[in-house]
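Residue numbers (full-length UniProt numbering): 1 to 220.
See below for the structure under consideration.
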Amino acid sequence: ATRRCPRPPRRSSPAMSHSPVSPRGFPGTDKDKKSSDGGSVMDSVFAAALVAALGAVLYAAADQAVPALGLPGASDAKPHGSFWEFYEQNYLTDHANPQNKQMHFAGTGLVILLLAMYPGAALAMASALALGFGVFPYTRFLPNGAAEAAAVVSAFVLLSWRTTGKLYVPFLIMLCGYGFAWVGHFFIEGNRPATFIYPSYSLASDFVMLYQFGSSALSL
1 ATRRCPRPPR RSSPAMSHSP VSPRGFPGTD KDKKSSDGGS VMDSVFAAAL VAALGAVLYA
61 AADQAVPALG LPGASDAKPH GSFWEFYEQN YLTDHANPQN KQMHFAGTGL VILLLAMYPG
121 AALAMASALA LGFGVFPYTR FLPNGAAEAA AVVSAFVLLS WRTTGKLYVP FLIMLCGYGF
181 AWVGHFFIEG NRPATFIYPS YSLASDFVML YQFGSSALSL
């Protein structure tokens with residue numbers, strides 16, 4: 001009888017291997033993946049904290065830094081130098097119509113819902129607002145809020161994208177918030193939104209007005 005030689009065992013190719021591969025190209029483990037995800041989250045939080053810290057430093061140093069830099073005085077279009085002065089003397093006046101208030105409450109409510117769904121975007125918005133408050137004193141000599149808005153929107157979009165991994169999230173949030181508000185201004189109350197002059201103060205005021213209404217400190 002013919003005797004058959006045993007076949008050597010088959011070796012599985014790297015392509016057939018089911019072990020996870022780490023980003024560096026070496027076999028990884030679930031522990032490695034969790035560690036990588038955790039590092040990514042911490043990096044995003046650190047980036048948001050840096051932006052907020054930059055805004056805080058700019059804001060704290062403004063009284064000395066603005067004159068030292070030789071920047072011009074405040075524009076006539078920006079008479080309000082503090083948030084509460086703006087809120088009480090400008091914002092509330094521009095939102096005297098009850099229906100306009102309701103449009104703002106609807107938009108801000110949707111924004112809060114989206115921020116609850118995407119906590120990373122909430123962190124991004126807080127950091128971007130801090131940056132906006134810090135940038136405002138240095139751009140107050142400009143007749144509009146374009147430069148300040150560019151800083152705030154850029155920070156919000158980039159940080160939201162980094163923290164949520166979804167680029168559409170910050171744009172959806174802005175669409176809900178500004179969409180309802182601008183309909184209220186242009187088609188109901190018939191005035192121009194303060195966003196174009198005071199982008200950061202105006203955004204923060206939306207939340208303050210909703211809070212005051214909810215706490216019965218403000219009526220329609």
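Glycine residues also receive a C-beta, built at the ideal position from the N, C-alpha and C atoms.
All figures in this text were calculated on a predicted structure; none of them were measured in a lab.
- DSSP places Y211 inside the alpha helix (DSSP H), whose first and last residues are P199 to G214.
- Shown here, R162 sits in a helix according to DSSP, grouped into three states.
- Here the segment 114-134 makes contact with the segment 46-55; the two share three or more CB pairs at distances below 8 Å.
- Separation of the CB atoms of P199 and G145 is rounded to 4 Å, and the pair is thereby assigned contact status at 8 Å.
- Counting every other CB atom within 10 Å of its CB across the protein chains shown gives M209 a total of 16 or more, marking it as buried.
- Taking a 10 Å sphere around the C-beta of L113, we find fewer than 16 other C-beta atoms and assign the residue as exposed.
- As the crow flies, the alpha-carbon of L71 is around 17 Å from that of H80.
- Segment contact: the segment 89-106 against the segment 181-200, three or more CB-CB distances shorter than 8 Å; contact assigned.
- Within 10 angstroms of the beta-carbon of V157 lie 16 or more other beta-carbons, which makes it buried.
- Excluding residues up to 5 positions away in sequence, Y201 lie with their Cβ nearer than 6 Å to the Cβ of F83 in the same chain.
- With a cutoff of 9 Å on beta-carbon distance, A204 and L129 are scored as near each other.
- The Cβ neighbour count for D76, taken over all protein chains shown within 10 Å, is under 16; the residue is labelled exposed.
- Per DSSP, E85 is one residue of the alpha helix (DSSP H) stretching across F83 to F86.
- For K101, the enclosing alpha helix (DSSP H) begins and ends at P98 to M117.
- The C-beta separation of G179 from G107 comes to about 6 Å, placing the pair in contact by the 8 Å criterion.
- At the C-beta level, I173 and M125 come within 9 Å of one another.
- Taking N100 as reference, the option from Y211, A194, A217 and F186 with the minimal CA-CA separation is F186.
- Selection G55, M42 and S40 evaluated against E148 yields G55 as nearest (Cα-Cα).
- Non-local C-beta neighbours of C176 in its own chain, meaning closer than 7 Å and more than five positions away in sequence, comprise G107, L110, V111 and L114, ordered along the chain.
- For the pair S127 and A151, the CB atoms are not nearer than the 9 Å cut-off.
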